[in-house]
Amino acid sequence: MTPNETQTLLLDHVDMRMVTADGDDNCHDRNAIVKLDPDHPGFRDPEYRGRRNAIAQIAMTYRPGSPIPAAPYTELEHGVWQTIWKALGPAHREHACAEYLECLERLAFDSSRIPQLDEVSQKVEAISGFRLEPVAGLVEPRIFLESLARGVFLSTQYIRHHSTPLYTPEPDVAHEIIGHAVTLASKRFAELNRLFGEAVSRTKITSELDRLARVYWFTIEFGVLRESGRIKAYGTGLLSSAGELAEMHKAELRPLDLEVAANHVYDPTHYQAILFCADSFDQMHEMLKEFLLRW
Ligand SMILES: [Fe+2]
46 MTPNETQTLL LDHVDMRMVT ADGDDNCHDR NAIVKLDPDH PGFRDPEYRG RRNAIAQIAM
106 TYRPGSPIPA APYTELEHGV WQTIWKALGP AHREHACAEY LECLERLAFD SSRIPQLDEV
166 SQKVEAISGF RLEPVAGLVE PRIFLESLAR GVFLSTQYIR HHSTPLYTPE PDVAHEIIGH
226 AVTLASKRFA ELNRLFGEAV SRTKITSELD RLARVYWFTI EFGVLRESGR IKAYGTGLLS
286 SAGELAEMHK AELRPLDLEV AANHVYDPTH YQAILFCADS FDQMHEMLKE FLLRW
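Going by the working numbering, the first residue of the sequence shown is number 46, and it counts up by one from there.
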């Protein structure tokens, strides 16, 4: 089997494993570069690695508040974006919740070119006040989550390797934009993201941060809900992957219970076997908002 048949995103913003994976001391820095694993699809491609480093430099020299410099994507990489959209267009129509589809319409992406973070950030900020800032790679979960309280989404800018257009072992610009940036063009989603950030800022105990990160995982990243009797995705990890969207219907659905989700240990290396399903978008929004305010 190829990776995209069996695996989901191996690491994500809230997965604590990334912090301790290789004992990298730099992970406390928001611009720490994650060295490519030998199993990474781009590991043996010096051209790709060179471009990754050039894009990482943008994040390293970036000053918040200034425009985000354009990333030098190649035609091959724009082709990756096209392939992703070709798969996601029908998958979104079939499996995405209405709130997401409305946001997607608002942002009106060109399916033939990877949009630059700066233009996406401007559009999102005009709608919800959230903006994007570039980071070189994965950052420590606390840094990522706390920035949400300030209305800032720390976004990677590189795109996955062209050999695996429908699979990425790490968040890339396609996951950030198609998943997170789109949902942040909803005032209600933006509010929940801010509340997550504020809750994390109030959380000093590591085990409690783990619980909060799991709630983030099972809602913002892998949340599903019922809409007109059908199961639809509102989680960014699902919405940015056609494979995940197809697989989510095989998962065991549990009623949305945030206390249970907080204690449910997940496996980020495979499609999710268990998902928490809300009765509606409104129910999810109310329940999560109340949970985060109480936290
Ligand atoms: Fe994510």
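For each residue, glycine too, the CB sits at the ideal point set by N, CA and C.
K277 by DSSP, collapsed to three states: which one?
It is a strand residue.
Expressed to the nearest angstrom, what Euclidean distance is found between the alpha-carbon atoms of A194 and S273?
So the alpha carbons of these two residues sit roughly 33 Å apart.
For V269, which residues does DSSP report across the bridge?
Partner(s): A278 and C322.
Should Q328 go down as buried or exposed, given a rule of 16 or more other Cβ atoms within 10 Å for buried?
Label assigned to Q328: exposed.
Please state the DSSP three-state secondary structure of R187.
If DSSP states are grouped into helix, strand and coil, R187 belongs with the helices.
For E304 and L146, I'd like the C-alpha separation in whole angstroms.
The alpha-carbon atoms of E304 and L146 are separated by roughly 29 Å.
Going by the C-beta, is E266 closer than 8 Å to any heavy atom of ligand 1?
The answer is yes for E266.
Are there any heavy atoms of ligand 1 lying less than 8 Å away from the beta-carbon of H225, as far as the coordinates show?
Because some heavy atom of ligand 1 lies under 8 Å away, the Cβ of H225 counts as near it: yes.
If you draw a straight line from the C-alpha of W130 to the C-alpha of E331, how long is it?
Roughly 32 Å separates the two Cα atoms.
Start and end of the beta strand (DSSP E) containing S208?
Run containing S208: none; DSSP gives neither H nor E here.
Who are the near neighbours of F189 in its chain, counting only those whose CB is closer than 6 Å to its CB and skipping five residues on each side?
Excluding residues within five positions, the ones whose Cβ falls inside 6 Å are H58 and L199.
How many angstroms separate the CA atom of P214 from the CA atom of A171?
Straight-line Cα distance between these residues: approximately 31 Å.
With the cut-off set at 9 Å, would you say E289 and A278 are in Cβ contact?
Yes. Within cutoff.
Tell me the residue span of the beta strand (DSSP E) that contains S200.
It spans V197 to S200 - the beta strand (DSSP E) in which S200 sits, taken as one unbroken run.
For G174, is the beta carbon positioned less than 8 Å from some heavy atom of ligand 1?
G174: no, Cβ never under 8 Å from ligand 1.
Using only alpha-carbon positions, find the residue among D255, G182 and E150 that is nearest to Q102.
When each option's Cα is compared against that of Q102, the closest is G182.
For my contact list, A296 and L320 are in at a C-beta cut-off of 8 Å; report their separation, rounded to the angstrom.
That pair is a contact at about 4 Å.
If L257 sits next to W340, beta carbons under 8 Å apart, how far is it from one beta carbon to the other, in whole angstroms?
The Cβ separation is near 7 Å, so the contact holds.
Is it buried or exposed for R89, if we count other Cβ within 10 angstroms and need 16 for buried?
With fewer than 16 other Cβ atoms within 10 Å, it is exposed.
Residues bridged to P300 by DSSP?
In the DSSP output, where bridge partners are listed per residue, P300 has C322.
Tell me where the alpha helix (DSSP H) around P216 begins and ends.
First-last for P216: undefined, no H or E at that position.
Can you pull the DSSP bridge partners for L237?
None, per the DSSP bridge assignment.
If you count every other CB in all the chains shown that lies within 10 Å of the CB of P216, and 16 or more means buried, which is it?
P216 is buried by the Cβ-count criterion.
Indicate whether F234 and C148 have their beta-carbon atoms separated by less than 9 Å.
Yes, the Cβ-Cβ distance between F234 and C148 is below 9 Å.
Between S157, A287 and H294, which lies nearest to P135 when the distance is taken from Cα to Cα?
The residue with the shortest Cα to Cα distance from P135 is A287.
Excluding the 5 residues flanking W126 on each side, which residues of the same chain have their C-beta closer than 6 Å to its C-beta?
Within the same chain, W126 has close Cβ partners I159.
How is D67 classed by DSSP in three states: helix, strand or coil?
With a pLDDT of only 42 at D67, under 50, the local geometry of the prediction cannot be trusted, and the value read off the model is given with reservation. Three-state DSSP puts D67 in coil, outside helix and strand.
Throw me the rounded Cβ distance for the L301 and L240 pair, which I believe falls under 8 Å.
Going by Cβ atoms, the distance from L301 to L240 rounds to 16 Å, so no, they are not a contact pair.
If you reduce the DSSP assignment to three classes, tell me which class P135 lands in.
Three-state DSSP puts P135 in a helix.
H315: beta carbon under 8 Å from a heavy atom of ligand 1?
No, the Cβ of H315 stays beyond 8 Å of every heavy atom of ligand 1.
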